[in-house]
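Each residue of the sequence shown is one higher than the one before, counting from 128 in the working numbering.
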Amino acid sequence: MKSTLWERLARVFGAGTAAPERTEAERILLEADFGVDATDQILDALTRADGDFRIAFERAVVAALAGATLSDGGALARATVAPTIMLVFGVNGVGKTTTLAKLGARLAGGGRSVLFAAADTFRAGAAEQLQIWADRLGVPCVTGTKDPAAVAFDAIAAARARGTDTVLVDTAGRLHTEERLLEELKKVVRVVAKQQPGAPHESLLVLDATVGQNAVHQARTFAEAVPLTGLIVTKLDGTAKGGSVVALERAVKVPIRFLGTGEGLADLEVFDAERYARRLVSQ
Ligand SMILES: Nc1nc2c(ncn2[C@@H]2O[C@H](COP(=O)(O)OP(=O)(O)OP(=O)(O)O)[C@@H](O)[C@H]2O)c(=O)[nH]1
Ligand SMILES: [Mg+2]
Numbered sequence: 128m129k130s131t132l133w134e135r136l137a138r139v140f141g142a143g144t145a146a147p148e149r150t151e152a153e154r155i156l157l158e159a160d161f162g163v164d165a166t167d168q169i170l171d172a173l174t175r176a177d178g179d180f181r182i183a184f185e186r187a188v189v190a191a192l193a194g195a196t197l198s199d200g201g202a203l204a205r206a207t208v209a210p211t212i213m214l215v216f217g218v219n220g221v222g223k224t225t226t227l228a229k230l231g232a233r234l235a236g237g238g239r240s241v242l243f244a245a246a247d248t249f250r251a252g253a254a255e256q257l258q259i260w261a262d263r264l265g266v267p268c269v270t271g272t273k274d275p276a277a278v279a280f281d282a283i284a285a286a287r288a289r290g291t292d293t294v295l296v297d298t299a300g301r302l303h304t305e306e307r308l309l310e311e312l313k314k315v316v317r318v319v320a321k322q323q324p325g326a327p328h329e330s331l332l333v334l335d336a337t338v339g340q341n342a343v344h345q346a347r348t349f350a351e352a353v354p355l356t357g358l359i360v361t362k363l364d365g366t367a368k369g370g371s372v373v374a375l376e377r378a379v380k381v382p383i384r385f386l387g388t389g390e391g392l393a394d395l396e397v398f399d400a401e402r403y404a405r406r407l408v409s410q
């Protein structure tokens, strides 16, 4: 079995406080996807550290993340005039649909009425997948065979008619080309902005922690195409790496809002830098 990030680092640093072999520690951090400058910063902090290495590492990670944590305890936007519109973006397979269901469960748990919009009209089976989550949660789901923006439009109209508080819009992760995908997403943003004042109130980009530097590239590409209100990093349960959270926060000036830590509805954690740093060493 592959050893975890913490096991490998602990081996280099030993149990004590001696300065580590920098190149070996550097390799471990780069392999865990922290990226070059966060790795440098963390190593500098560790080299200066006296005392408990584990605490020093946690502190260095939190420092590398400076600015990443919002102090709102995971509050999602709420429009003064309902419905609030939330869009979920990301490339295929990162966990958009699952994350949308988790967000729906969270909002419903907080007493907000929710409606899902299946605006991934490209992939066969996408609407059915969202419908299954909607049935499990007992929330309505608007589907359609037209283009994504039209489904979002219909969903907002349905939410108005029903007096629903929040519309969560699932989007496609793949079209014929990346350009087409981004154009389509921009169109969804334009259409909902026209239909509802202040919308979209949340535009959340979902990123898969297991793909490393690729997630950084995706974050940059999406952030250039559409205004984002937050990042959600998924599959942190399935990786011994996890450093991409730090690399992401440093690459785009968009706050990390939640972490996905499993396939179940409850596996969504409000992002907190200290808890994330502890997770890295306890894994
Ligand atoms: N371990 C783990 N698996 C996850 C997490 N989030 C999503 N998944 C799994 O990742 C796979 C893809 O999830 P989807 O929600 O379908 O991803 P998507 O981005 O909607 O995919 P497309 O619609 O095809 O673009 C599923 O098997 C999910 O159960 C997570 O936080 N941890
Ligand atoms: Mg999906």
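Using N, Cα and C, we set each Cβ at its ideal position, and we do this for glycine too.
Shown here for Gln256: same chain residues with a beta carbon closer than 8 Å to its own, the five before and five after excluded, namely Thr224 in chain order. Per DSSP, reduced to three states, the secondary structure at Phe243 is strand. Gly387 and Leu363 do touch by the CB rule: their CB atoms are close to 7 Å apart, below 8 Å. Val208 is classed as exposed because its beta carbon has fewer than 16 other beta carbons within 10 Å across all chains shown. One alpha carbon belongs to Leu132, the other to Gly389, and they sit about 19 Å apart.
Residue nearest to Glu351 within the set Gly252, Val221, Lys313, Pro324 is Lys313 (criterion: CA-CA distance).
Just so you know, the alpha carbons of Glu158 and His303 end up roughly 32 Å apart. Annotation for Gly387: the continuous beta strand (DSSP E) segment containing it runs 383-387. Remark: three or more beta-carbon pairs, one from each stretch, lie closer than 8 Å, so the segment 363-378 and the segment 336-351 are flagged as touching. Under the DSSP assignment, Gly357 falls in the beta strand (DSSP E) whose first and last residues are 357-361.
When DSSP states are grouped into helix, strand and coil, Ser371 belongs to the helix group. In this structure, Arg301 has its beta carbon less than 7 Å from a heavy atom of ligand 1. Sequence-distant partners of Glu185 (beyond 5 residues in either direction) whose C-beta falls short of 7 Å from its own C-beta, in its chain, are Ala404, Arg405, Val408.
Distance from the Cα of Gly222 is smallest, within the candidate group Val163, Arg384, Gly300, Arg181, for Gly300.
Taking C-beta atoms under 8 Å as the contact rule, Ala282 and Val294 qualify, at a distance of about 5 Å. Around the Cβ of Val379, a 10 Å sphere holds 16 or more other Cβ atoms; the residue is buried. One residue list follows from the rule of a beta carbon closer than 5 Å to any heavy atom of ligand 2, given in chain order as Lys223, Thr224. Taking 3 residues as the minimum length, the beta strand (DSSP E) runs contained wholly in the segment 281-324 are 293-298, in order along the chain.
The closest heavy atom of ligand 1 lies 7 Å or more from the beta carbon of Val338.
Partner residues in a beta bridge of Ile169, as assigned by DSSP, do not exist. Less than 8 Å separates the beta-carbon of Leu227 from that of Phe243. In the three-state DSSP reduction, Glu390 falls in the coil class, being neither helix nor strand. In this structure, Gly217 lies near Leu332, with their beta-carbon atoms less than 8 Å apart. Here Ala172 really is in contact with Ala190; their C-beta atoms are around 6 Å apart, less than 8 Å. Within the DSSP secondary-structure output, Glu396 pairs in a beta bridge with Leu386. In this structure Glu396 touches Phe385 by the C-beta definition: roughly 6 Å separates them, less than 8 Å.
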